[in-house]
Amino acid sequence: MLRNLTIRDFVIVDRLELEFEAGFGALTGETGAGKSILLDALGLALGGRGEAAMVRQG
């Protein structure tokens with residue numbers, strides 16, 4: 079079970095810390111809110127293939 083997720087310097091995200099509770103979870107938000115970025119970061123953490131464009135510049 080995923081309990082927490084920390085994302086740093088990924089695409090447009092400087093730093094994000096999330097904690098998850100037991101049970102069902104859903105990602106919601108307006109267009110451009112970063113839902114896909116969160117899923118891409120999770121996929122990378124689980125062994126997915128990364129690209130240089132995913133690393134935040136600066």
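Quick note, in my numbering, the sequence shown goes up one by one and the last residue is 136.
The beta-carbon is built from N, C-alpha and C at its ideal position, and this holds for glycine as well.
DSSP places L124 outside any alpha helix (DSSP H), giving it a letter other than H or E.
When the alpha-carbon of G107 is set against those of A100, G101 and I115, the nearest one is in I115.
In its chain, beyond the 5 residues on either side, R86 have a beta carbon closer than 6 angstroms to the beta carbon of R93.
If you draw a straight line from the Cα of L96 to the Cα of E129, it is about 23 angstroms long. In this structure, DSSP gives L117 a helical state, which the three-state scheme calls helix.
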